[in-house]
Amino acid sequence: MAHAFTFSISTTDFDEHYTPSASSRITTNFANLARGENRQENLRNALTMINRRFNALAHWDNPDGDRYALELKIISANVHFTSNDGPQQFPLLEVLDTWILDKQTGTRTHGIVGNNFSSYVRDYDFSVVLPAAVDESGTPALPQDFGDLHGQLFQHFLDSEAYQEHFAQLPVICISVSTSKTYRRTGNSHPVLGLEYQQEDYSLTDAYFAKMGLRVRYFMPAGSVAPLAFYFRGDLLNDYTNLQLISTISTMETFQKIYRPEIYNANSAAPAVYRPSLNAHDFSRTLISYDREERTRLGATQGRYTEEHFITPNRELLEQWAAAYPTPVA
Numbered sequence: 407m408a409h410a411f412t413f414s415i416s417t418t419d420f421d422e423h424y425t426p427s428a429s430s431r432i433t434t435n436f437a438n439l440a441r442g443e444n445r446q447e448n449l450r451n452a453l454t455m456i457n458r459r460f461n462a463l464a465h466w467d468n469p470d471g472d473r474y475a476l477e478l479k480i481i482s483a484n485v486h487f488t489s490n491d492g493p494q495q496f497p498l499l500e501v502l503d504t505w506i507l508d509k510q511t512g513t514r515t516h517g518i519v520g521n522n523f524s525s526y527v528r529d530y531d532f533s534v535v536l537p538a539a540v541d542e543s544g545t546p547a548l549p550q551d552f553g554d555l556h557g558q559l560f561q562h563f564l565d566s567e568a569y570q571e572h573f574a575q576l577p578v579i580c581i582s583v584s585t586s587k588t589y590r591r592t593g594n595s596h597p598v599l600g601l602e603y604q605q606e607d608y609s610l611t612d613a614y615f616a617k618m619g620l621r622v623r624y625f626m627p628a629g630s631v632a633p634l635a636f637y638f639r640g641d642l643l644n645d646y647t648n649l650q651l652i653s654t655i656s657t658m659e660t661f662q663k664i665y666r667p668e669i670y671n672a673n674s675a676a677p678a679v680y681r682p683s684l685n686a687h688d689f690s691r692t693l694i695s696y697d698r699e700e701r702t703r704l705g706a707t708q709g710r711y712t713e714e715h716f717i718t719p720n721r722e723l724l725e726q727w728a729a730a731y732p733t734p735v736a
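Printed below as a string of structure tokens:
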């Protein structure tokens with residue numbers, strides 16, 4: 407039962423010619439940009455923003471601000487298992503992998519894998535399980551085991567031969583801070599990650615990632631206007647080089663400027679005590695088109711797809727495997 411699930415990994419270049427595969431979640435940041443009549447312009451503009459931000463942060467020995475370029479690759483992981491109907495597979499997750507090209511020396515080095523995080527099972531949890539969860543009185547209530555299966559599958563993936571054959575380091579996932587929490591600046595500062603913020607208790611997303619075995623810290627890099635949430639195992643500040651950290655910041659801050667401009671493209675920086683809000687008016691939009699309402703609707707569609715094609719037909723197998731798997735811990 408411990409080996410009931412195995413994994414395979416495929417790689418797709420994320421460039422101005424990128425087209426999402428049939429199994430990609432269409433609400434994923436990079437897939438969403440690659441849709442519609444402006445798809446190529448969207449992609450080109452996003453990649454330009456990423457490279458400019460990278461060079462602005464990696465400013466040493468870079469007088470013209472054009473020494474580096476990032477190459478992005480989409481990492482798609484499928485889970486494989488055998489059910490009563492025979493061999494099966496399902497698209498488990500997608501993340502981004504960064505590669506750093508130093509145009510001055512001609513060297514190409516690995517950045518960080520993770521960055522964006524896309525998961526069909528997470529869609530199921532947040533779009534199907536959570537809205538239906540109520541207590542005995544009918545009041546909305548978070549199930550105690552909410553996110554357990556997803557966390558177990560993710561940790562099993564990190565421990566798998568497939569992941570370890572492809573990647574020498576653990577992933578770092580970087581997303582927006584929660585609009586339901588207040589963040590307070592500490593006295594801690596990192597030369598690349600910038601000013602650290604803290605909050606008193608987990609958001610629902612923080613708790614969900616904790617079940618994936620990931621801790622969280624919040625930093626606002628120099629030139630940024632709001633802190634980012636970094637989810638990781640190990641030691642975020644010492645396990646990665648400055649250029650690796652910059653690859654994640656430049657990539658994910660760009661996506662957040664596009665998707666949450668009210669927070670990450672605001673016209674003033676976050677104060678020492680900060681409550682993010684999508685109702686802010688003092689911000690600038692990028693020239694990259696994106697439909698946030700459509701993304702929410704599609705998330706529910708993808709959650710139901712996961713329920714129909716993965717959870718419901720394999721419920722007994724999943725429950726037996728999860729019961730035998732160690733409880734995820736952060």
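With the numbering used here applied, the sequence shown covers 407 to 736.
Note that the Cβ used here is the ideal one computed from N, Cα and C, for glycine as well.
All figures in this text were calculated on a predicted structure; none of them were measured in a lab.
Own chain partners of residue i with C-beta closer than 7 Å, once the 5 adjacent residues on each side are dropped
{"i": "M652", "result": "According to the sequence as given, residue 652 is Ile; it is not Met. So the qualifying residues of the chain are F460, L463, A464, V598."}
{"i": "R710", "result": "V534"}
{"i": "Y530", "result": "G709, T712, E713, I717"}
{"i": "F573", "result": "V519"}
{"i": "T692", "result": "K663, I664, P667, N671"}
{"i": "A736", "result": "Residue confidence is low: A736 scores 48 on pLDDT, short of 50, so the model does not pin down where it sits. No coordinate-derived value is stated."}
Beta-carbon proximity list for residue i, same chain, < 8 Å, skipping 5 on both sides
{"i": "Y624", "result": "V583, Y589, E602, Y603, Q604, Q605, P633, L634, A635, F636"}
{"i": "D688", "result": "A672, N673, S674"}
{"i": "N451", "result": "T692, L693, I694"}
{"i": "A568", "result": "T412, F413, S414, I415, A483"}
Beta-carbon proximity list for residue i, same chain, < 6 Å, skipping 5 on both sides
{"i": "A408", "result": "Summary for A408: the model assigns pLDDT 48, below 50, so the residue's position carries little reliability; its value from the coordinates is reported in the next sentence. Cβ within range, chain order: n/a, list empty."}
{"i": "S416", "result": "S482"}
{"i": "T592", "result": "E602, Q604"}
{"i": "Q650", "result": "G517, I518"}
{"i": "P549", "result": "A539"}
Beta-carbon separation (whole angstroms), residue i vs residue j, contact threshold 8 Å
{"i": "D667", "j": "S683", "result": "It is worth fixing the name first, because residue 667 is Pro in this sequence and not Asp. With a Cβ gap of about 12 Å, P667 and S683 do not count as contacting."}
{"i": "V501", "j": "N521", "result": "6 Å"}
{"i": "M618", "j": "F560", "result": "4 Å"}
{"i": "A410", "j": "L723", "result": "7 Å"}
{"i": "L499", "j": "S524", "result": "6 Å"}
{"i": "Q558", "j": "Y731", "result": "5 Å"}
According to DSSP, residues forming a beta bridge with residue i
{"i": "T418", "result": "I480"}
{"i": "L601", "result": "S595, M626"}
{"i": "N521", "result": "I579"}
{"i": "A635", "result": "I581, Y624"}
{"i": "E485", "result": "It is worth fixing the name first, because residue 485 is Val in this sequence and not Glu. Partner(s): F413, F496."}
{"i": "I506", "result": "L476, T515"}
{"i": "Y589", "result": "Y680"}
{"i": "F689", "result": "A672"}
{"i": "V534", "result": "Looking at the DSSP assignment, V534 forms no beta bridge with any residue, so it has no partner."}
{"i": "V527", "result": "Bridge partners of V527: none, in fact."}
{"i": "P546", "result": "V540"}
Pick from the options that is closest to residue i, judged by C-alpha positions
{"i": "P677", "options": "M626, W505, G471, N648", "result": "M626"}
{"i": "I655", "options": "A410, Q446, T504, R450", "result": "T504"}
{"i": "T647", "options": "D612, V578, P493, A568", "result": "V578"}
{"i": "D554", "options": "Y614, N490, T488, L643", "result": "Y614"}
{"i": "W727", "options": "M658, T454, E447, S489", "result": "S489"}
{"i": "A628", "options": "G600, F638, L649", "result": "G600"}
{"i": "N720", "options": "W466, R458, D472, G492", "result": "G492"}
{"i": "Q494", "options": "T412, R681, F638, Y526", "result": "T412"}
{"i": "F487", "options": "S414, I456, S524", "result": "S414"}
{"i": "F532", "options": "T511, Q510, H556, K509", "result": "H556"}
{"i": "T707", "options": "T454, A616, N457, R528", "result": "R528"}
{"i": "L507", "options": "N457, L536, L610", "result": "N457"}
{"i": "Y680", "options": "P537, H596, V631, S566", "result": "V631"}
{"i": "L610", "options": "L536, K509, D641", "result": "L536"}
Contact with chain D by residue i, beta-carbon distance below 8 Å
{"i": "I669", "result": "Looking for chain D here will not work: only one protein chain is present."}
Subject >> the segment 511-518 / the segment 532-552 touching (three or more Cβ pairs under 8 Å) >> reply: As far as the Cβ criterion goes, the segment 511-518 does not touch the segment 532-552, which means the pair count is below three.
**OP:** Give a yes or no on contact between the segment 410-422 and the segment 465-484, applying the rule of three or more CB pairs nearer than 8 Å.
**Re:** Segments in contact, yes.
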